[in-house]
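Residue numbers (this note's numbering): 3 to 514.
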């Protein structure tokens, strides 16, 4: 009898093309087991891994290993990936057992200190003190021997348990997904998602609410599991927070803005550039490099994909996006299926911005904000229908409209933009405080209904960061300084600088 085992790809490559060889073997396709069968397999392997790692696996830990491996490890099959999870979790617990307990290290430090003091006492001929220190060190050594004995007996007894928390921590390390996402507290976080997003995205409540609804629908299991978690088009004027909302969503969902895959679609305006998203075909330059989009999603299957200024892309790019939005996968140049079902796809567009600019410049404003927003949405929708094909728009989950920022919105954005300035100033050992009048000054200089929040960022750079950087280079600002920013002249802010007490103050501490 002869039994061989191989993969489908290798069978096709080496055996199937030789008909005489293939005819002499009966091909049996072995499908991966389901979740309940995998749990039974892990229970059968439990004794071997417990003996190898000297740990004990809880029943709940085995079940959780199968659940998390199925959900979060997409490029491999059961039971292999679940076995790897329990193997690595057991090794993690065993290595923690091998590490010395903290109280043992403290005892060793204390014994070393007593020995050193005893030697100094002997050198000073203080023999009574030396004898006292010797007795104390002897007691600590006995205590140390007892702790070492208990530690070794626990190590050899295999009393450490692999719990569900260890399994979640292991999967988090293997996949790069934050631990909070794997824990049961995720449901509560999703219910409060709008509040988290509003902390950094100001004045766009309808947009944050629409995003939160789509994510909750996907995470509750009511959405089609084959499609991405959500696909959205963000429409609106420039500088109102479209890209910033994508970054905030990435940080909330996956713990870091690094989980944002940002691609500027102005790089894909020509048809020969469109293939760079999935990789150059065989025989062309760049074939070995892989695709700009598919490689990043393969490495981070849980991410937010941001396609910036989608209206600039060539129409071949939209053909690829149809496959992603409908089937949740894409085939790269190597023939590998890249899974997009755990991706949030966001496309931003400034389409129709010139229409809005002309409308506001001609003064066609009713004074009713809701009516103006409704007219703006109708105009943007008309421009979008003219630019994008129906089969593309029909696959988008939701088109989210961003409205122009009001003065109150921009005033709140001042506090958000100043957080980074506060952090950089505090990193230099100084503190800074803005008086209300200085915020009013920044609002006068940095508010633009047409350009959104970006003029405010430039105003902060010009009126706060530039004078402070000049003063730092002059030596007028040292660690310990307290800076109070007030309204100065017509075109400048005033800076009252309080020097630390241990330094001699120079000239009057006000720069204009």
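The C-beta atom is built at its ideal place from N, Cα and C for all residues, glycine as well.
On a predicted model such as this, the values are computed, not experimentally measured, just so you know.
Pick from the options that is closest to residue i, judged by C-alpha positions
{"i": "residue 2", "options": "213, 465, 10 and 378", "result": "Limits of the chain in this structure are 3 at one end and 514 at the other, which puts residue 2 out of reach."}
{"i": "residue 207", "options": "196, 217 and 222", "result": "196"}
{"i": "residue 26", "options": "43, 6, 41 and 469", "result": "6"}
{"i": "residue 98", "options": "148, 486, 162 and 59", "result": "162"}
{"i": "residue 104", "options": "149, 134, 376 and 173", "result": "149"}
{"i": "residue 412", "options": "391, 452 and 275", "result": "452"}
{"i": "residue 169", "options": "63, 448, 125 and 130", "result": "63"}
{"i": "residue 199", "options": "243, 29 and 233", "result": "243"}
{"i": "residue 191", "options": "14, 256 and 41", "result": "256"}
{"i": "residue 469", "options": "339, 499, 266 and 53", "result": "499"}
{"i": "residue 326", "options": "259, 295, 310 and 311", "result": "295"}
{"i": "residue 204", "options": "305, 466 and 454", "result": "454"}
{"i": "residue 41", "options": "456, 83 and 152", "result": "83"}
{"i": "residue 440", "options": "112, 462 and 37", "result": "462"}
{"i": "residue 213", "options": "239, 254 and 393", "result": "254"}
{"i": "residue 487", "options": "51, 417 and 437", "result": "437"}
{"i": "residue 501", "options": "492, 378 and 485", "result": "485"}
{"i": "residue 173", "options": "154, 91 and 239", "result": "91"}
Same chain only: Cβ atoms within 8 Å of residue i, ignoring 5 sequence neighbours per side
{"i": "residue 353", "result": "237, 313, 382, 385, 386 and 389"}
{"i": "residue 231", "result": "216, 217, 220, 221, 225, 343, 344, 345 and 346"}
{"i": "residue 328", "result": "229 and 397"}
{"i": "residue 316", "result": "270, 271, 272, 273, 275 and 276"}
{"i": "residue 523", "result": "With the chain covering 3 to 514 only, the question about residue 523 has no answer from this structure."}
{"i": "residue 266", "result": "310 and 311"}
{"i": "residue 95", "result": "55, 57, 162, 163, 164 and 168"}
{"i": "residue 52", "result": "58, 59, 92 and 160"}
Residues near residue i by beta carbon distance below 6 Å, same chain, minus five either side
{"i": "residue 423", "result": "none"}
{"i": "residue 307", "result": "263, 345 and 347"}
{"i": "residue 116", "result": "135, 138 and 139"}
{"i": "residue 23", "result": "17"}
{"i": "residue 445", "result": "413"}
{"i": "residue 132", "result": "120, 123 and 124"}
{"i": "residue 318", "result": "273 and 276"}
{"i": "residue 457", "result": "448 and 450"}
Per DSSP, the bridge partner or partners of residue i
{"i": "residue 232", "result": "346"}
{"i": "residue 265", "result": "309"}
{"i": "residue 341", "result": "331"}
{"i": "residue 165", "result": "Its beta-bridge partners do not exist; DSSP assigns none."}
{"i": "residue 203", "result": "Answer is none; residue 203 lacks a bridge partner."}
{"i": "residue 434", "result": "485"}
{"i": "residue 450", "result": "454"}
{"i": "residue 402", "result": "236"}
{"i": "residue 50", "result": "DSSP output for residue 50 lists no bridge partner at all."}
{"i": "residue 351", "result": "237"}
{"i": "residue 59", "result": "164"}
Burial state of residue i (16 or more Cβ within 10 Å)
{"i": "residue 118", "result": "exposed"}
{"i": "residue 391", "result": "exposed"}
{"i": "residue 189", "result": "exposed"}
{"i": "residue 241", "result": "buried"}
{"i": "residue 351", "result": "buried"}
{"i": "residue 31", "result": "exposed"}
{"i": "residue 8", "result": "exposed"}
{"i": "residue 3", "result": "exposed"}
{"i": "residue 107", "result": "exposed"}
{"i": "residue 302", "result": "buried"}
{"i": "residue 179", "result": "buried"}
{"i": "residue 289", "result": "exposed"}
{"i": "residue 406", "result": "buried"}
{"i": "residue 279", "result": "buried"}
{"i": "residue 21", "result": "exposed"}
{"i": "residue 472", "result": "exposed"}
{"i": "residue 378", "result": "buried"}
{"i": "residue 44", "result": "buried"}
CB contact check: residue i to chain B, cutoff 9 Å
{"i": "residue 80", "result": "The chain labelled as chain B is not found in the depicted structure, where only one protein chain is given."}
Cβ-based neighbour list, residue i, same chain, cut-off 7 Å, excluding 5 preceding and 5 following
{"i": "residue 443", "result": "489 and 495"}
{"i": "residue 79", "result": "34"}
{"i": "residue 93", "result": "55"}
{"i": "residue 459", "result": "419"}
{"i": "residue 324", "result": "393, 394 and 397"}
{"i": "residue 109", "result": "142, 145, 146 and 149"}
{"i": "residue 175", "result": "none"}
Residue i beta carbon near the ligand MG (any heavy atom closer than 8 Å)
{"i": "residue 466", "result": "Judged by which ligands are present, the structure shown has none, so any question about the ligand MG falls away."}
Checklist entry - Does the region 54-71 touch the region 80-96, meaning 3 or more C-beta pairs lie closer than 8 Å? => result Yes, they touch.
Next on the checklist: Taking contact to mean 3 or more Cβ pairs, one atom from each stretch, closer than 8 Å, check whether the region 467-484 and the region 417-435 are in contact.
Outcome noted: They touch, by the three-pair rule.
Checklist entry - How do the region 243-251 and the region 202-216 stand: do at least 3 beta-carbon pairs fall below 8 Å, yes or no? => result In this structure the region 243-251 lies against the region 202-216, because at least three pairs of beta carbons, one per stretch, are closer than 8 Å.
Next on the checklist: Any contact between the region 70-83 and the region 141-154? By contact I mean 3 or more CB pairs, one from each, below 8 Å.
Outcome noted: As far as the Cβ criterion goes, the region 70-83 does not touch the region 141-154, which means the pair count is below three.
Checklist entry - Any contact of the region 277-293 with the region 322-339, i.e. 3+ C-beta pairs under 8 Å? => result Between the region 277-293 and the region 322-339 there are three or more C-beta pairs closer than 8 Å, enough to call the two in contact.
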